[in-house]
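In what follows, a structure is listed as structure tokens, so that the remarks can point back to it.
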Amino acid sequence: MKRHGTWIPTLIVCSAIAFVIGPTTGSAFAQEKETNPQEPAKKPVYDEAADAHVDIANALKKAKKENRRVLIQWGANWCGWCTLLDGAFKSDRNISRKLMYEYDLVHVDIGKWDKHLDLVEKYGADIKNTGVPYLTILDGDGKVIANQDTGSLELKGDGESGHDLEKVLNFLTEHQAAYRKASDIFEEGLARAKKDHKRVFLHFGAPWCGWCHRLENWMAQPEIAKILAKEFVDIKIDEDRTIGGRDLEAKLREGESAGIPWFAILNAEGETLVTSDGPKGNVGFPVADHEVGYFMEMLQKHTENLTDDDIATLETSLKAIGKKLQEGSH
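Next up, the structure:
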């Protein structure tokens, strides 16, 4: 039995049905539950003020860079099965790991079947006939890899309700991006560096590494990215999501690994000029004073196109982040 909303102009009919039969089915139009005023309100799954065009564009940009997929979950906050599926995404260990490693998830609010319908049409999401939640997978170029109704991902046994977690995981696994060879990513980066007469900023990370994400997010800030692009071609090697990533890291690092993120400045021939292994060990994402100091020394000695003002801007930015993190720890 379909337990999803279908393309209906208003919620009047379904609300009337819910009133008659009660909230015993899995209908996406289930009645609202009265909340305890003493309980904190749960954050809604769908941001009703969000512009999905912007959200998808940002996700595609990231997915393109990271060799990941974009997963769109079409739905709305009135849809109980949308909330249920999102809960499975978060609570099931295997599914949450799969999403963390392989997908950039975008929740697209369809309102009362009247929002973001241009995107529904653009990506061929058949929510009109199958209802929501509905899943669409895109590659980094925005090409549709798969469209999937979620009714077929539900448990079908007598007395069972919810989603078949094995089916959900298999769907995500089937359509994830194929891993690339770390050596190919590395050589492509060196080729760009030679062509553009730049040096290489090579860094290693992993999906589970919070400090890696902080480094990458800092590097992606427009003001920071503009400065770094004057000097470097950015090469990221994911230890877990590339073939031979750990081997390449071991080849470039001297001594035992001291964690990630780990980075190095190389010339266009691939020769290592300096690494993030400072006097006190790997600085990782440099935010402590001694870490920032060593990173600035790296830039001052091993860059050709960064001005003193550029380096000062980077230093000020990192110290501000370090101060904020320190204040937050107290």
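For the record, in the sequence shown the residue sitting at position 162 is 429 according to the numbering used here, with numbers rising by one throughout. Every residue, glycine too, gets a C-beta built ideally from N, C-alpha and C. Note that the structure is a prediction, hence the values are computed from the model and not measured.
**OP:** Would you identify the three-state DSSP class for THR600, choosing helix, strand or coil?
**Re:** The chain is shown only over 268 to 597; residue 600 falls outside these bounds and no answer can be derived.
Original post:
Touch check for the region 344-353 and the region 450-458: three-plus C-beta pairs under 8 Å?
Top reply: Fewer than three pairs of CB atoms, one per stretch, sit closer than 8 Å, so the region 344-353 makes no contact with the region 450-458.
**OP:** State the Cα-Cα distance for the pair VAL312 and VAL375, rounded to the nearest angstrom.
**Re:** For the purposes of this step, residue 312 is taken as residue 45 along the sequence shown, with counting starting at 1. For the purposes of this step, residue 375 is taken as residue 108 along the sequence shown, with counting starting at 1. Using only the alpha carbons, I get a separation of about 10 Å.
Original post:
Would you call GLN415 buried or exposed, if buried means 16 or more other Cβ atoms sit within 10 Å of its Cβ?
Top reply: One-based indexing of the sequence shown puts residue 415 at position 148. When all chains shown are included, GLN415 counts as buried.
**OP:** Using a Cβ cut-off of 8 Å (strictly closer), state whether ASN437 contacts chain B.
**Re:** The displayed structure is made up of one protein chain only, and chain B is not part of it.
Subject >> Unbroken alpha helix (DSSP H) run spanning LYS329, endpoints >> reply: Mapped onto the sequence shown, residue 329 falls at position 62. Start and end: 319-333.
**OP:** Report buried or exposed for MET367, applying the criterion of at least 16 other Cβ atoms within 10 angstroms of its Cβ.
**Re:** As a working note, residue 367 is residue 100 in the sequence shown. With fewer than 16 Cβ atoms within 10 Å of its Cβ, MET367 is classed as exposed.
Original post:
Which of helix, strand or coil does DSSP assign to ILE510?
Top reply: Counting from 1 along the sequence shown, the entry for residue 510 is found at position 243. The DSSP-derived three-state label of ILE510 is strand.
**OP:** Could you have a look at ASP406 and say whether DSSP puts it in helix, strand or coil?
**Re:** If you number the sequence shown from 1, residue 406 lands on position 139. In the structure shown, ASP406 sits in coil (DSSP, three-state: anything other than H, G, I, E or B).
Original post:
Quick one, are the C-beta atoms of LEU405 and VAL399 less than 8 Å apart?
Top reply: Counting from 1 along the sequence shown, the entry for residue 405 is found at position 138. Counting from 1 along the sequence shown, the entry for residue 399 is found at position 132. Pairing LEU405 with VAL399 gives a Cβ-Cβ distance that is not under 8 Å.
Original post:
Bridge partners of TYR390, per DSSP?
Top reply: As a working mapping, residue 390 is identified with position 123 in the sequence shown. Beta-bridge annotation (DSSP): TYR390 is not paired with any residue.
Original post:
In chain order, which continuous runs of the alpha helix (DSSP H) of length 4 or greater are located wholly inside the region 396-441?
Top reply: Runs found: 432-441.
Original post:
Thinking C-alpha only, which one of THR583, GLY545, ARG447 and THR403 is nearest VAL435?
Top reply: Start at 1 with the first residue of the sequence shown, and residue 435 comes out as number 168. Among THR583, GLY545, ARG447 and THR403, the Cα nearest to that of VAL435 belongs to THR403.
**OP:** Consult DSSP for TRP485 and reduce its assignment to one of helix, strand or coil.
**Re:** Stepping through the sequence shown from its first residue, residue 485 is reached at position 218. Secondary structure of TRP485 (DSSP, three-state): helix.
**OP:** Please classify PHE453: does DSSP put it in a helix, a strand, or coil?
**Re:** By 1-based counting over the sequence shown, the position of residue 453 is 186. Residue state, collapsed to three classes: helix.
Original post:
With 16 other CB atoms within 10 Å as the buried threshold, where does GLU315 fall?
Top reply: As a first step, residue 315 must be located in the sequence shown, where it is residue number 48. Label assigned to GLU315: exposed.
Original post:
From the DSSP output, which residues share a beta bridge with ILE339?
Top reply: Position 72 of the sequence shown, counted from the first residue, corresponds to residue 339. Here ILE339 is bridged, per DSSP, to VAL373 and THR403.
**OP:** Evaluate PRO489 with the Cβ neighbour count: other Cβ atoms within 10 Å of its Cβ, from every protein chain shown; 16 or more gives buried, anything less gives exposed.
**Re:** In the sequence shown, residue 489 corresponds to position 222, counting from 1. That one is exposed.
**OP:** Return the first residue and the last residue of the beta strand (DSSP E) that ALA531 is part of.
**Re:** Here the question's residue 531 lines up with position 264 in the sequence shown. Residues 529-533.
Original post:
Any idea what DSSP makes of GLY560, helix, strand or coil?
Top reply: Here the question's residue 560 lines up with position 293 in the sequence shown. GLY560: helix per DSSP, three-state reduction.
**OP:** Please name the residue in LYS423, ALA473, PHE356 and ASP381 whose C-alpha comes closest to that of VAL439.
**Re:** Reading the sequence shown from its first residue, position 172 is the one you call residue 439. Here the sequence assigns Leu to residue 439, which means Val is not the residue at that position. Selected option, being the one with the closest Cα: PHE356.
Subject >> Three CB pairs or more closer than 8 Å across the region 556-571 and the region 580-588 >> reply: Judged by Cβ distances under 8 Å, the region 556-571 makes contact with the region 580-588, as three or more pairs qualify.
Original post:
Looking at the structure shown, is ARG466 part of a helix, part of a strand, or coil, going by DSSP?
Top reply: Here residue 466 is taken as the residue at index 199 of the sequence shown, counted from 1. The answer is strand: DSSP assigns ARG466 an E or B state.
Original post:
What residue range is occupied by the uninterrupted beta strand (DSSP E) comprising LYS503?
Top reply: Locating residue 503 in the sequence shown gives position 236, counting from the first residue. From DSSP, the beta strand (DSSP E) with LYS503 extends over 499-505.
Subject >> Assigned secondary structure, ASP353 (DSSP; H/G/I helix, E/B strand, else coil) >> reply: Within the sequence shown, the letter at position 86 stands for residue 353. Note: ASP353 maps to helix in three-state DSSP.
Original post:
For GLY347, which of helix, strand or coil comes out of DSSP?
Top reply: To locate residue 347, count along the sequence shown from 1; it is residue 80. DSSP places GLY347 in helix when its eight states are reduced to three.
Subject >> Straight-line gap, THR539 to HIS430 (C-alpha atoms, nearest Å) >> reply: The residue given as residue 539 occupies position 272 in the sequence shown. The residue given as residue 430 occupies position 163 in the sequence shown. For the pair THR539 and HIS430, the Cα-to-Cα distance works out to about 50 Å.
**OP:** Excluding the 5 residues preceding and the 5 following ALA587 in the sequence, name in chain order all residues of the same chain whose CB lies nearer than 8 Å to its CB.
**Re:** Locating residue 587 in the sequence shown gives position 320, where the first residue counts as 1. So no residue of the chain qualifies.
Original post:
If you run the structure through DSSP and keep just helix, strand and coil, what is ARG447?
Top reply: Counting from 1 along the sequence shown, the entry for residue 447 is found at position 180. If DSSP states are grouped into helix, strand and coil, ARG447 belongs with the strands.
Original post:
To the nearest whole angstrom, what separates the beta carbons of LEU469 and ILE502, a pair I think is in contact under 8 Å?
Top reply: Working through the sequence shown from its first residue, we reach residue 469 at position 202. Working through the sequence shown from its first residue, we reach residue 502 at position 235. At roughly 5 Å, the Cβ-Cβ gap stays under 8 Å, so LEU469 and ILE502 are in contact.
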